[in-house]
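Note sheet for the following structure.
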Amino acid sequence: MLDRDGYRPNVGIVIANPHNEVFWGKRIREHSWQFPQGGIKQGESPEQAMHRELYEEVGLRPKHVHVLARTRDWLRYDVPKNWIKREWRSTYRGQKQIWFLLRLVGRDSDISLRASGHPEFDAWRWTDFWVPLDSVIEFKRGVYKAALNELSGSLFEGAGDRRPPAYRGEVVR
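The sequence shown begins at 1 in UniProt numbering and counts up by one.
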């Protein structure tokens with residue numbers, strides 16, 4: 001399902017533990033790490049898609065998490081043409097995402113990467129909320145930066161600007 005501009009509706013999920021560290025999943029059989037994410041099916045709300053993807057990718061049910069925040073609007077990224085199947089190149093541009101920030105209220109042992117028949121991750125870890133942007137695939141960095149900047153207020157209110165330079169837009173050398 002694509003919108004008229006060629007973007008597939010999708011959700012991104014940031015899961016924070018009580019120490020404000022976030023779940024970081026390693027893509028199965030790859031050396032890339034990311035937050036859980038997935039498409040929104042026809043007739044599904046972003047919230048419904050988030051809960052479905054949360055279970056499919058990390059085995060967590062609604063009872064294991066509390067929704068802290070979501071992005072106000074869609075965040076978009078374009079997928080490089082060489083990553084798009086030839087038959088889709090004339091219509092598909094990328095993804096538009098609503099991002100959710102969740103608090104894990106369950107235990108680490110509630111996380112199961114094998115909850116579905118098609119696992120997305122083969123390893124996971126807790127990492128700093130401000131994931132290094134250079135560890136995110138290049139074409140998704142802008143969306144990660146925008147999502148974490150917008151959602152951070154729900155975890156770090158009153159703590160001043162804890163964002164690293166890359167998230168403030170400063171040049172880092």
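Just so you know, even glycine gets a beta-carbon here, dropped at the ideal spot from N, CA and C.
- Residue range 37–39 is occupied by the beta strand (DSSP E) that includes Gly38.
- The beta-bridge partner set that DSSP reports for Val143 is empty.
- Look at the UniProt domain "Nudix hydrolase" (6–149) and you find these whole runs of beta strand (DSSP E), each 3 residues long or longer: 7–16, 21–27, 37–39, 65–70, 75–78, 94–104, 121–128.
- Judged by their CB atoms, Gln97 and Trp74 are nearer to each other than the 8 Å cut-off.
- Burial check for Val22: the Cβ neighbour count within 10 Å reaches 16 or more, so the residue is buried.
- Per DSSP, reduced to three states, the secondary structure at Arg162 is coil, with no helix or strand assignment.
- When the five nearest sequence neighbours on each side are left out, the beta carbons in the same chain lying within less than 6 Å of the beta carbon of Ser112 are those of Gly59, in order along the chain.
- For Leu155, the uninterrupted alpha helix (DSSP H) segment begins and ends at 153–156.
- One thing to note: Leu148 has its Cβ within 8 Å of the Cβ of Phe129.
- DSSP places Arg4 outside both helix and strand once states are collapsed to three, so it counts as coil.
- Around the CB of Arg72, fewer than 16 other CB atoms lie within 10 Å, so the residue is classed as exposed.
- For Leu155 against Ile15, the beta-carbon gap comes to about 12 Å, at or over 8 Å, which does not count as contact.
- Nearest in C-alpha terms to Arg114, of all of Glu30, Met1, Leu54, is Leu54.
- Straight through space, the alpha carbons of Pro18 and Lys63 are spaced by roughly 16 Å.
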